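What follows is one structure encoded as structure tokens, with my remarks underneath.
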Amino acid sequence: MGEAISDIEDGLTTAGRFEPHQRHFRGVLAMAQLDFVAQNWNRADWKLTHDQVLDELSAGWVQLLTGPRPRGTA
11 MGEAISDIED
21 GLTTAGRFEP
31 HQRHFRGVLA
41 MAQLDFVAQN
51 WNRADWKLTH
61 DQVLDELSAG
71 WVQLLTGPRP
81 RGTA
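Start counting at 1 in the sequence shown, then tack on 10, and there's your number in my numbering.
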């Protein structure tokens, strides 16, 4: 998991996103989300379909790794 976190950090650096002290931690959070969902994919009662789980995970990653959308945009 450490290599994936470093890859995310490197990507955020290349993209110029966030402050340097935030990039590694955002990679940690992104991978923790993915790991938790993967470990509990069939065991948890998500009250969502698998497609909805993937949509929510994807939306969370987009916000986590690109930042919030400016107000008033859809």
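Virtual Cβ for every residue (Gly too), placed ideally from N, Cα, C. Since this is a predicted model, take the numbers as computed values, not measurements.
Can you tell me whether residue i is buried or exposed? The criterion is at least 16 other CB atoms within 10 Å of its CB, across all chains shown.
i, result
"E29", "exposed"
"G37", "buried"
Ordered along the chain, which non-local residues of its own chain (more than five positions away) have a Cβ less than 8 Å from that of residue i?
i, result
"T39", "It is Leu, not Thr, that sits at residue 39 in the sequence shown. The residues are L74."
"T59", "none"
"L47", "Rather than Leu, the amino acid found at residue 47 in this sequence is Val. Hits under 8 Å: V63 and L67."
Nearest-angstrom Cα distance between residue i and residue j?
i, j, result
"V63", "M11", "21 Å"
"R27", "E13", "19 Å"
"D55", "W71", "21 Å"
Return the chain-ordered list of same chain residues with a C-beta closer than 6 Å to the C-beta of residue i, the five sequence neighbours on each side being excluded.
i, result
"H34", "E19"
"I15", "G37, V38 and M41"
Using CA coordinates, which residue listed in the options is at the minimum distance from residue i?
i, options, result
"T76", "D17, I15 and A25", "A25"
When the Cβ atoms of the region 31–44 are set against those of the region 67–77, are three or more pairs found closer than 8 Å?
-> Counting C-beta pairs closer than 8 Å gives three or more between the region 31–44 and the region 67–77, which meets the contact rule.
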